[in-house]
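Colleague: The numbering of the sequence shown is the working numbering, which starts it at 658 and goes up by one. A virtual CB, placed ideally from N, CA and C, is assigned to each residue, including glycine. Input: one structure, supplied below.
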Amino acid sequence: EGKELELKLFNVKCKQFRKITCRPNLDWGGEGALGLTIKFDFINDLQDTCIHVLDVVPNSPADKAGLEQFHDFILGTPHYGLKDTSELQELVSENMETLIEVFVYSQETDVV
């Protein structure tokens, strides 16, 4: 907690990676360690399950990392898809001090 967390995101459609950095922190002034609201969802074009980012709190770790509410869908890691929000919570809490590669699809830019 409080240490920089680098997330490596993969665009499934473009087959490209991008890195974002955030600092998970339970004391940032809001709920959770990242400051975002998510839900398990489907992307019709990808025919796959995902977690839809519904809200990103200003100045939260998720905001500083560049996640965008309504437009971003968290798909999973290079090793497995995330089946629900508890799996994402577990992934973040178990890797607070290490690089986590996470695939995020942006509906606005149509890239991961």
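How many angstroms separate the CA atom of residue 690 from the CA atom of residue 743?
Modeller: As a first step, residue 690 is located in the sequence shown; it is residue number 33 there, counting from the start. As a first step, residue 743 is located in the sequence shown; it is residue number 86 there, counting from the start. Rounded to whole angstroms, residue 690 to residue 743 spans 13 Å at the Cα level.
Colleague: Please check the pair residue 729 and residue 710, which I expect to be a contact at CB under 8 Å, by giving their CB distance rounded to whole angstroms.
Modeller: Taking the first residue of the sequence shown as 1, we reach residue 729 at position 72. Taking the first residue of the sequence shown as 1, we reach residue 710 at position 53. With 8 Å as the limit, residue 729 and residue 710 qualify as a contact, their Cβ atoms being about 4 Å apart.
Colleague: At what residues does the beta strand (DSSP E) containing residue 734 begin and finish?
Modeller: Within the sequence shown, numbered from 1, the residue matching residue 734 stands at position 77. Segment: none, residue 734 is in no beta strand (DSSP E) and carries neither H nor E.
Colleague: Could you spell out the range, first to last residue, of the alpha helix (DSSP H) harbouring residue 721?
Modeller: Numbered from its first residue, the sequence shown carries residue 721 at position 64. It spans 718-722 - the alpha helix (DSSP H) in which residue 721 sits, taken as one unbroken run.
Colleague: Quick one: what does DSSP say residue 688 is sitting in, helix, strand or coil?
Modeller: For the purposes of this step, residue 688 is taken as residue 31 along the sequence shown, with counting starting at 1. Correct three-state label for residue 688: coil.
Colleague: Out of curiosity, what's the CA-to-CA distance linking residue 766 and residue 726?
Modeller: Position 109 of the sequence shown, counting from 1, holds the residue named residue 766. Position 69 of the sequence shown, counting from 1, holds the residue named residue 726. One C-alpha to the other measures close to 13 Å.
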